[in-house]
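The structure appears below as structure tokens.
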Ligand SMILES: [Zn+2]
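Here's what the structure looks like:
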């Protein structure tokens, strides 16, 4: 069945950043069949957009869905103190709480126009199975694409790491479980709805050996690699003391600067670090709200883009950015870049690019992130007739400047996930109720 979205402002995010206003997008067989303006093609169903803006579905490149369970804690802490307060609470999660958390986080993201979610899960309390399966199930039920990572920690506090010893795993178990999940869940190729990535947590919670063996496994299985890097000055000090070098140098020694890797945060980079990211085609997940919430700093996004580094956006876990809204993150990226570098640092459309094409590039996907023939039919429809857009003579820039917004419609693979601002396949109030009960079980 073909569907024509017509009478709107189509923001394609193709290489030329083409916009059709008024324009239309024709979807067929789960793919974009055509976009354009002028005379409309025939279709089985015609949907009148009434001037609404259509963008590609947004792509989230860093998250920890389980953290919706532990919001508004450690409110004045830096990253390390925040982690030390939260690790013991996180040690209580199980598949049931993870499922409730994932439903909440994924629903929030869908309602903010996000069609593809990367999740970095690295907390695996002993004896609690099925955590990754729980979040994949939640994504499939809601209708969004997920890239779920089998994360890991093996450097406990007694060995000089940050996490408590009871939350770290041994290397063999981590690698075996990662390979098992890849074998059962990972879909290679275009149009994938579920993928698996390999994601040891950070330099201060993972040994060098696990980093190296994770990379070898990922490359053997053709999976992407992800980790946290250069988030805070404390991490920088930690790496100098423990490894005798800075975080980016450490990662390079481990064979981790490469085109199959992207790193979250990258706030504290030198000019040389940025050049190494560019030379090696290593990607970056920029998480401005989380970085500002934890007082970590602001990543040098303008310099990264000028050097040609792939940059996407991440809401990051909901305990360090209590709002899981990716369109808000588009605005935050713009504001943070301008706060750091001045008003010319990033345009509204540059910021929107980061949340769409940029994110797709970071996840190694050329089947999502833009509205072009042959790409997945993942699109977000934004109404522009509300109070916050009144008087905006450029509705695309107006949407970014006035974010956040609830998406009017979210289409993933040609199917509605959100319609009239409500989830199509689930009930928001029921999700929130289930989540309240799950979060209460973790409350101290
Ligand atoms: Zn994170």
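Numbering (this note's numbering), first residue to last: 16 to 459.
Virtual Cβ for every residue (Gly too), placed ideally from N, Cα, C.
I want to check one thing, is the minimum distance from the CB of residue i to the heavy atoms of ligand 1 below 6 Å?
i: residue 275; result: no
i: residue 312; result: no
i: residue 332; result: yes
i: residue 245; result: no
i: residue 48; result: no
i: residue 163; result: no
i: residue 214; result: no
i: residue 279; result: yes
Exposed or buried, which one is residue i when buried takes at least 16 other CB atoms within 10 Å?
i: residue 87; result: exposed
i: residue 360; result: buried
i: residue 302; result: buried
i: residue 346; result: buried
i: residue 28; result: buried
i: residue 254; result: buried
i: residue 9; result: No answer is possible for residue 9: it lies beyond the span of the chain, which begins at 16 and ends at 459.
i: residue 372; result: buried
i: residue 165; result: buried
i: residue 118; result: buried
i: residue 144; result: exposed
i: residue 262; result: buried
i: residue 358; result: exposed
i: residue 344; result: buried
i: residue 31; result: exposed
i: residue 336; result: buried
i: residue 365; result: buried
Distance, Cα to Cα, residue i vs residue j?
i: residue 274; j: residue 322; result: 15 Å
i: residue 238; j: residue 406; result: 47 Å
i: residue 391; j: residue 175; result: 46 Å
i: residue 226; j: residue 317; result: 29 Å
i: residue 251; j: residue 399; result: 44 Å
i: residue 194; j: residue 129; result: 28 Å
i: residue 352; j: residue 291; result: 21 Å
i: residue 72; j: residue 342; result: 10 Å
i: residue 91; j: residue 429; result: 43 Å
i: residue 222; j: residue 450; result: 34 Å
i: residue 314; j: residue 416; result: 20 Å
i: residue 328; j: residue 259; result: 30 Å
i: residue 276; j: residue 198; result: 20 Å
i: residue 448; j: residue 455; result: 11 Å
i: residue 282; j: residue 120; result: 24 Å
i: residue 133; j: residue 370; result: 13 Å
i: residue 52; j: residue 68; result: 14 Å
i: residue 191; j: residue 109; result: 20 Å
i: residue 4; j: residue 356; result: Beyond the ends of the chain as shown, which are 16 and 459, falls residue 4; an answer cannot be given.
i: residue 177; j: residue 50; result: 51 Å
i: residue 7; j: residue 57; result: Outside the shown range of the chain (16 to 459) lies residue 7, about which nothing can therefore be said.
i: residue 458; j: residue 98; result: 16 Å
Whose CA, out of the options, lies closest to the CA of residue i?
i: residue 338; options: 124, 411, 128 and 142; result: 124
i: residue 25; options: 43, 65 and 319; result: 65
i: residue 158; options: 213, 452 and 440; result: 440
i: residue 18; options: 63, 32, 35 and 166; result: 63
i: residue 148; options: 180, 259 and 113; result: 113
i: residue 16; options: 425, 245, 105 and 60; result: 60
i: residue 106; options: 180, 40, 382 and 396; result: 180
i: residue 44; options: 108, 435, 427 and 240; result: 427
i: residue 248; options: 219, 231, 368 and 77; result: 219
i: residue 245; options: 120, 85, 284 and 93; result: 284
i: residue 299; options: 320, 85 and 310; result: 320
i: residue 83; options: 266, 70, 295 and 101; result: 101
i: residue 419; options: 127, 267 and 241; result: 127
i: residue 215; options: 376, 189 and 270; result: 189
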